[in-house]
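A quick write-up on the structure given underneath.
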Amino acid sequence: MRKISATWIFPGNLPPLKNGILICENDGTVIDLIDTGGKLREQAGLEQYSGILVPGFVNAHCHLELSHLKGKIPEKKGLGGFLGFINKLRNLEEEDVEEAMKKADFTMKHAGIVAVGDVSNSYASLEAKRISQIKYHTFVEAFGFLPSRAEKAFLFAEFVESMFREFDLSASVTPHSPYSVSKELFLKIRKRALAENTILSVHNQESRDELAFFKDGNGGISRHIHEILGIDISHWQPTGKSSLDFTLSFIPKENPLLLVHNTFTSPEDIQLLKQQRHLENTFLVLCPNANLFIENKLPPVSLFQKGNLNICLGTDSLASNHTLSILQEMITLQHHFPGISLHELVKWGCWNGARGLGISDRFGSFEPGKKPGINLITGLDLKSLNLTLKSKVKVL
Ligand SMILES: [Zn+2]
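Position 83 (the sequence shown) corresponds to 83 in this note's numbering; numbering is contiguous.
Following this line, the structure appears as structure tokens:
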């Protein structure tokens with residue numbers, strides 16, 4: 001048994017406890033969390049730390065299979081430019097791919113990440129996930145802009161999903177984004193999601209180009225599909241509405257949904273979301289460092305806070321981020337939005353992520369019976385409870 005105390009304990013789902021004590025089994029299973037009322041008395045066998053304790057982080061959005069593209073793509077080229085590089089580079093240097101994924105997995109573990117919602121287009125990441133100590137849910141991403149590709153794209157995604165499930169790794173078929181998935185493919189994914197009540201994850205409003213593509217069919221997305229990929233877009237009829245409207249028309253409201261990025265989401269979109277979804281199974285995943293990398297723009301976080309939406313955090317891939325660390329995403333958010341409390345950030349990075357991935361029975365909070373991982377964060381301002389650029393995480 002271990003008894004661990006720190007200056008503050010953030011339980012994940014509840015406000016922080018000053019000088020609290022976490023009691024757990026040696027394997028990390030929580031036995032109790034004690035509120036000392038701030039008055040900690042000396043006692044035998046107590047591990048005491050200066051800093052804060054938080055549960056293991058949940059990375060709600062990653063692409064492990066792009067790990068070999070670290071440092072290969074120039075920053076701030078916009079989504080159209082970024083996708084062009086991904087398309088050119090992703091299938092090169094095959095021998096490094098496996099090694100890069102294992103290294104990224106190791107990096108995440110040491111950054112205190114215990115669970116990951118990982119988007120995959122193939123089963124390339126299967127071996128890295130099979131031997132990992134991190135809990136993965138794989139979103140097997142189907143895409144196909146041409147209606148004629150729907151059947152093939154869907155069957156392949158189903159096949160990849162079955163490969164993961166064969167090794168007891170949880171997986172679900174999911175659409176990439178509203179601009180890369182035809183209505184025909186969306187309908188197939190919808191049917192399956194309803195039948196299996198699976199979790200869905202969709203890239204949402206990551207760029208201004210996405211808005212333009214739905215408004216009038218112009219912009220960087222249209223150029224990417226037509227000029228770079230050489231795909232005929234003559235069948236595309238812009239809806240004149242928001243891309244989120246298109247996405248929501250295909251996503252059953254019964255299914256848990258992770259909307260990823262939301263960089264250009266508007267107040268009207270939030271209204272729409274509230275009309276069309278249950279808020280308790282809807283999650284907005286923010287990947288601020290990837291947003292700065294690709295678009296140099298951050299999502300309207302206070303709009304989501306005011307709307308009482310469930311916010312989670314993700315790193316996106318090493319193609320669009322310098323590291324895979326939820327703490328770094330929290331630091332970036334607090335730096336750009338000083339009004340966000342540390343309590344909120346921990347809730348987003350632990351508890352909401354676990355809820356979004358449907359694993360809050362084990363992860364996300366310090367509650368008896370759970371085994372959520374224990375992280376010590378040091379190098380923060382303990383008076384104001386703010387992270388600093390020097391904040392670090394250590395897995396206890
Ligand atoms: Zn992504």
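Positions of the beta carbon are idealized from the N, C-alpha and C atoms, including for glycine.
Computed from a predicted structure; not experimentally measured.
query, result
"Using only the alpha-carbon positions, how far apart do D361 and L376 sit?", "22 angstroms"
"Can you tell me which residues form a DSSP beta bridge with D381?", "N386"
"Sorted by chain position, which residues of the same chain lie with C-beta nearer than 7 angstroms to K215's C-beta, five sequence neighbours on each side aside?", "P238, G240"
"What separation, rounded to the nearest whole angstrom, lies between the Cα atoms of F167 and S122?", "15 angstroms"
"Assuming L273 is part of the alpha helix (DSSP H), what are its boundary residues?", "267 to 276"
"Leaving aside the five residues before and after M163 along the sequence, list all residues of the same chain whose C-beta is less than 7 angstroms from its C-beta, in chain order.", "Y123, L126"
"What residue range is occupied by the uninterrupted alpha helix (DSSP H) comprising S360?", "Counting along the chain, S360 falls outside any alpha helix (DSSP H), and DSSP gives it neither H nor E."
"What number of angstroms, rounded off, separates the C-alpha of K135 from the C-alpha of G217?", "40 angstroms"
"In whole angstroms, what is the alpha-carbon distance linking L428 and A153?", "Since the displayed the chain opens at 1 and closes at 396, residue 428 lies outside it and no answer follows."
"Starting from the N-terminal side, write out each stretch of the alpha helix (DSSP H) that is 4 residues or longer and does not extend beyond the stretch 133 to 182.", "150 to 166"
"If A6 sits next to L53, beta carbons under 8 angstroms apart, how far is it from one beta carbon to the other, in whole angstroms?", "4 angstroms"
"In terms of residues, what are the limits of the alpha helix (DSSP H) holding P288?", "288 to 294"
"Rounded C-beta distance between A128 and D96? I'm assuming under 8 angstroms.", "A128 to D96, Cβ: 13 angstroms. No contact."
"To the nearest angstrom, how far is the alpha carbon of D232 from that of S148?", "11 angstroms"
"With contact counted as at least three CB pairs below 8 angstroms, one residue from each stretch, are the stretch 101 to 118 and the stretch 73 to 92 in contact?", "no"
"Three or more beta-carbon pairs under 8 angstroms between the stretch 253 to 271 and the stretch 299 to 316, yes or no?", "yes"
"Quick one: is the Cβ of V181 within less than 7 angstroms of any heavy atom of ligand 1?", "no"
"Rounding to the nearest angstrom, what Cα-Cα distance links E295 and E42 in this structure?", "51 angstroms"
"For the beta strand (DSSP E) holding L298, just list the boundary residues, first then last.", "Taken as a continuous stretch (DSSP letters only), L298 belongs to no beta strand (DSSP E), as it is neither H nor E."
"Cβ of D316 within 7 angstroms of any heavy atom in ligand 1?", "yes"
"Look up S50 in the DSSP assignment and say whether it is helix, strand or coil.", "strand"
"Grab the span of the beta strand (DSSP E) containing L22 for me, first residue to last.", "21 to 24"
"Does DSSP classify R2 as helix, strand or coil?", "strand"
"What are the complete beta strand (DSSP E) segments, minimum 3 residues, inside the stretch 212 to 268?", "257 to 261"
"Would you kindly report the start and end of the unbroken alpha helix (DSSP H) that includes F82?", "78 to 89"
"Can you tell me which of the three DSSP states F283 falls into?", "strand"
"In angstroms with no decimal places, state the Cα-to-Cα distance between I199 and V58.", "16 angstroms"
"Where do the N-terminal and C-terminal ends of the beta strand (DSSP E) with K72 fall, by residue?", "First-last for K72: undefined, no H or E at that position."
"How would you label R130, buried or exposed, when you count the other beta carbons within 10 angstroms and need 16 or more for buried?", "exposed"
"Quick check on the DSSP output: what are the complete alpha helix (DSSP H) runs of length 4 or more inside the stretch 315 to 374, in order along the chain?", "326 to 336, 342 to 346, 353 to 356"
"Which value, in whole angstroms, describes the spacing of the CA atoms of W351 and F363?", "7 angstroms"
"Can you tell me where the alpha helix (DSSP H) with K394 in it begins and where it stops?", "Run containing K394: none in the alpha helix (DSSP H); it sits in the beta strand (DSSP E), 392 to 395."
"Any heavy atom of ligand 1 within a distance shorter than 7 angstroms of the CB on H61?", "yes"
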